[in-house]
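Numbering (numbering that gives the first Met the number 0), first residue to last: 0 to 282.
No residue lacks a Cβ here, since even glycine has one placed at the ideal position from N, Cα and C.
Quick caveat: nothing in here was measured; it's all calculated off a predicted structure.
I have placed the structure first, in the form of structure tokens, so that the comments after it can refer back to it.
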Amino acid sequence: MPRGANLPAGHALGPASRAGSNLYANSQVSAASSSRQSIYGNQMPRAGTTAASTNASRPNGAWRTTAGPQNIPSNAPGQSTPQWRANASGTGQSQLSTNSRASAFSTSGNISLPGALVPLTYNDVERGDIVCAPHAASLADPNVPVGDPSRTESTIGPLSTKYRYMIVLAKFPQHMIACPLFSHTGRGIGFKPAHIRAEYMALRAHDVKEEDHTNETPHPALEVRYADSSKFRLKDSTNAHVIAPVVINYKSVKAVVGQIGARSIVGITQTFKQLMTRGLEDA
Numbered sequence: 000m001p002r003g004a005n006l007p008a009g010h011a012l013g014p015a016s017r018a019g020s021n022l023y024a025n026s027q028v029s030a031a032s033s034s035r036q037s038i039y040g041n042q043m044p045r046a047g048t049t050a051a052s053t054n055a056s057r058p059n060g061a062w063r064t065t066a067g068p069q070n071i072p073s074n075a076p077g078q079s080t081p082q083w084r085a086n087a088s089g090t091g092q093s094q095l096s097t098n099s100r101a102s103a104f105s106t107s108g109n110i111s112l113p114g115a116l117v118p119l120t121y122n123d124v125e126r127g128d129i130v131c132a133p134h135a136a137s138l139a140d141p142n143v144p145v146g147d148p149s150r151t152e153s154t155i156g157p158l159s160t161k162y163r164y165m166i167v168l169a170k171f172p173q174h175m176i177a178c179p180l181f182s183h184t185g186r187g188i189g190f191k192p193a194h195i196r197a198e199y200m201a202l203r204a205h206d207v208k209e210e211d212h213t214n215e216t217p218h219p220a221l222e223v224r225y226a227d228s229s230k231f232r233l234k235d236s237t238n239a240h241v242i243a244p245v246v247i248n249y250k251s252v253k254a255v256v257g258q259i260g261a262r263s264i265v266g267i268t269q270t271f272k273q274l275m276t277r278g279l280e281d282a
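Encoded structure:
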């Protein structure tokens with residue numbers, strides 16, 4: 000079953016009137032997209048292969064269709080490869096709650112996840128996965144005191160360092176690039192000028208209606224299909240900074256905690272391409 004197979008063909012996650020131009024309208028997503036020809040040889044299924052034919056090569060025989068909540072890897076201690084966690088319900092990870100707007104998830108605080116790092120590889124991560132990985136940037140807030148867990152002193156000045164949630168945008172043999180998620184301490188991005196807000200895409204739970212979700216960007220919101228609610232709780236003010244991707248080594252990923260739907264993968268990819276093209280043309 001393909002990622003996001005329960006979404007009707009041509010379905011747009013946001014009204015075209017607000018999105019300006021609907022990035023999803025002409026997108027065709029099929030199971031074949033997950034079995035595309037890889038430019039890296041045999042690290043990905045060849046075009047025309049099926050999930051069943053490649054199942055044996057996956058960790059513990061598990062093929063990540065990412066169509067359900069039970070297939071998100073967890074980096075539990077003592078495991079040599081990512082395992083599929085089975086919780087008390089026996090179904091794996093939980094769907095996001097309809098009360099996700101009131102939940103406490105924030106990307107601005109320190110993230111504490113159980114278990115030691117278990118090295119991931121190219122084949123353990125899919126585009127659209129939500130991962131928890133190290134993030135470092137210049138310290139924008141000078142009021143963060145020395146000694147604060149999110150502040151690191153360096154030879155080039157103070158840095159903001161923390162584990163941050165990110166959406167995998169593209170994969171390469173030794174690294175991937177991912178778009179970091181920000182909630183701006185619950186404020187969202189409404190305080191930013193319009194041309195800056197255009198660099199972001201909002202996130203909403205799949206069971207939250209569009210009219211019940213606050214989207215402060217000009218793009219359709221990214222739909223979070225499933226997530227490990229014990230690690231990742233979505234907040235209405237969370238946005239992905241699409242045009243500020245981070246380079247991540249597979250070995251540094253703390254956990255894969257969720258995923259966005261198929262059409263949202265198309266949407267974030269096309270938005271990134273448009274913003275990058277615009278930036279290159281203006282250079």
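Start and end residues, beta strand (DSSP E) containing residue i
{"i": "Arg163", "result": "158 to 170"}
{"i": "Ala136", "result": "128 to 137"}
{"i": "Phe181", "result": "174 to 181"}
{"i": "Asn122", "result": "Note, Asn122: premise wrong, no beta strand (DSSP E); not H, not E."}
{"i": "Arg203", "result": "199 to 204"}
{"i": "Val245", "result": "245 to 248"}
{"i": "Asn238", "result": "238 to 240"}
Backbone secondary structure at residue i - three-state DSSP
{"i": "Arg277", "result": "helix"}
{"i": "Gln269", "result": "helix"}
{"i": "Arg262", "result": "helix"}
{"i": "Glu215", "result": "coil"}
{"i": "Glu222", "result": "strand"}
The alpha helix (DSSP H) enclosing residue i, as first and last residue numbers
{"i": "Ile195", "result": "193 to 196"}
Nearest neighbour of residue i, chosen from the options [CA to CA]
{"i": "Asn238", "options": "Thr154, Ile155, Lys250, Ile259", "result": "Ile259"}
{"i": "His183", "options": "Val256, Ser236, Thr120", "result": "Ser236"}
{"i": "Ser159", "options": "Ser149, Met165, Arg232", "result": "Ser149"}
{"i": "Gly187", "options": "Leu233, Thr276, Asp128", "result": "Leu233"}
{"i": "Val246", "options": "Glu210, Pro172, Pro219", "result": "Pro172"}
{"i": "Val252", "options": "Ala177, Ala204, Leu138, Ala139", "result": "Ala177"}
{"i": "Ala135", "options": "Pro217, Asn122, Ser153", "result": "Ser153"}
{"i": "Pro179", "options": "Ala243, Lys208, Ala254", "result": "Ala243"}
{"i": "Val130", "options": "Asp140, Val223, Gly189, Val143", "result": "Val223"}
{"i": "Phe231", "options": "Arg163, Leu119, Pro141, Thr151", "result": "Arg163"}
{"i": "Arg126", "options": "Thr268, Arg277, Phe190", "result": "Thr268"}
{"i": "Ser137", "options": "Asp128, Asn122, Lys161", "result": "Lys161"}
{"i": "Asp140", "options": "Thr276, Thr151, Pro133", "result": "Thr151"}
{"i": "Thr120", "options": "Asn248, Asp147, Asp128", "result": "Asn248"}
Burial state of residue i (16 or more Cβ within 10 Å)
{"i": "Lys250", "result": "exposed"}
{"i": "Val145", "result": "exposed"}
{"i": "Ala169", "result": "exposed"}
{"i": "Arg262", "result": "buried"}
{"i": "Met165", "result": "buried"}
{"i": "Pro219", "result": "buried"}
{"i": "Gly156", "result": "exposed"}
{"i": "Leu279", "result": "exposed"}
{"i": "Asp211", "result": "exposed"}
{"i": "Ala254", "result": "buried"}
{"i": "Phe190", "result": "exposed"}
{"i": "Thr270", "result": "buried"}
{"i": "Asp281", "result": "exposed"}
{"i": "Lys272", "result": "exposed"}
8 Å contact criterion, which residue i and residue j should meet: CB distance rounded
{"i": "Ala193", "j": "Asn214", "result": "Wrong, their Cβ atoms sit about 13 Å apart, outside the cutoff."}
{"i": "Val124", "j": "Met175", "result": "6 Å"}
{"i": "Glu198", "j": "Val241", "result": "6 Å"}
{"i": "Arg309", "j": "Thr216", "result": "Any property of residue 309 remains undetermined from this structure, which presents the chain solely from 0 to 282."}
{"i": "Gly185", "j": "Leu221", "result": "About 19 Å separates the two Cβ atoms, so there is no contact after all."}
Closer than 7 Å: residue i CB and nearest the ligand GTP heavy atom
{"i": "Ser159", "result": "The ligand GTP is not part of this structure, which contains no ligands at all."}
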